[in-house]
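Asker: Numbering (this note's numbering), first residue to last: 60 to 219.
I am attaching a structure below and will ask some questions about it afterwards.
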Ligand code: ROI
């Protein structure tokens, strides 16, 4: 199965966090990394008094079912020092969000696929377009169409 995962970090050296997340996905015994987008710098969505984010999107191949894939991404988050804070939409060390899993549409207490926020988030859509320009979502909407409605909002490719 093919899936797309969003990576986000704005604490504890976000560039290092994002790169470590990509390495961890690459090294996972149960995931094959197919491709990774560039790293992007983005303005925080949510409270503005937090650092800018580093975001990326990766495509993976896996035999894991969606719930088992979530277990694996959460294992990686925890391994990389993720601490869940009380504040909603507050800063985070490492976030791995399952965006898409084949053409699966599901809504369980643990997991909503496609990711509920992906259609409006520039820091998801532009990195996704870099690696899967011709993608069409399970609802039939193309990534091209979504991008026409979402401003870059200061999103830039991060370079050293
Ligand atoms: N804002 C940006 N720019 N990037 C993120 O990855 C991100 N993740 C979040 C919230 C707090 C919604 N804001 C974000 O979870």
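For each residue, glycine too, the CB sits at the ideal point set by N, CA and C.
Output the boundary residues of the beta strand (DSSP E) element that contains residue 132.
Answerer: That residue, residue 132, is in no beta strand (DSSP E); its alpha helix (DSSP H) goes 125-138.
Asker: Of all the options 192, 196, 74, which has the alpha carbon lying nearest to the alpha carbon of residue 98?
Answerer: If we check each option's Cα against that of residue 98, 74 comes out closest.
Asker: Can you grab the Cα-Cα spacing for the pair residue 207 / residue 168, in whole Å?
Answerer: Distance between the alpha carbons of residue 207 and residue 168 is about 31 Å.
Asker: With hydrogens ignored, establish whether the beta-carbon of residue 177 is closer than 6 Å to any heavy atom of the ligand ROI.
Answerer: For the ligand ROI, not one heavy atom lies less than 6 Å from the Cβ of residue 177.
Asker: Check whether the Cβ of residue 67 sits closer than 6 Å to any heavy atom of the ligand ROI, and report yes or no.
Answerer: Residue 67 Cβ: within cutoff of the ligand ROI.
Asker: Between residue 120 and residue 150, what straight-line distance do the alpha-carbon atoms span, to the nearest angstrom?
Answerer: So the two alpha carbons sit approximately 29 Å from each other.
Asker: Are the region 200-214 and the region 184-192 touching, with three or more C-beta to C-beta distances below 8 Å?
Answerer: They touch, by the three-pair rule.
Asker: Should residue 73 be listed as close to the ligand ROI, given that the test is whether its C-beta is under 6 Å from any heavy atom?
Answerer: Checking the Cβ of residue 73 against the ligand ROI gives no.
Asker: Per the contact definition of three or more C-beta pairs closer than 8 Å, is the region 193-205 in contact with the region 77-90?
Answerer: The answer is no - the region 193-205 does not touch the region 77-90, with fewer than three Cβ pairs under 8 Å.
Asker: Enumerate, from N- to C-terminal direction, the unbroken alpha helix (DSSP H) stretches of 4 or more residues contained entirely within the region 81-125.
Answerer: The region 81-125 contains no whole alpha helix (DSSP H) run of 4 or more residues.
Asker: Confirm, please, whether the CB-CB distance from residue 64 to residue 117 is below 7 Å.
Answerer: In contact: residue 117 and residue 64 (Cβ atoms closer than 7 Å).
Asker: In whole angstroms, give me the CA-to-CA distance for residue 83 and residue 209.
Answerer: Rounded to the nearest angstrom, the two C-alpha atoms are 30 Å apart.
Asker: Helix, strand or coil: how does DSSP classify residue 183 here?
Answerer: The answer is helix: DSSP assigns residue 183 an H, G or I state.
Asker: Can you tell me the Cα-Cα spacing of residue 152 and residue 101, whole angstroms?
Answerer: In a straight line, the C-alpha of residue 152 is about 15 Å away from that of residue 101.
Asker: Since residue 165 sits in a beta bridge, which residues does DSSP pair it with?
Answerer: Note: residue 165 sits in a beta bridge opposite 172.
Asker: Give the DSSP-derived three-state secondary structure of residue 65 in the structure shown.
Answerer: Here residue 65 sits in strand by DSSP.
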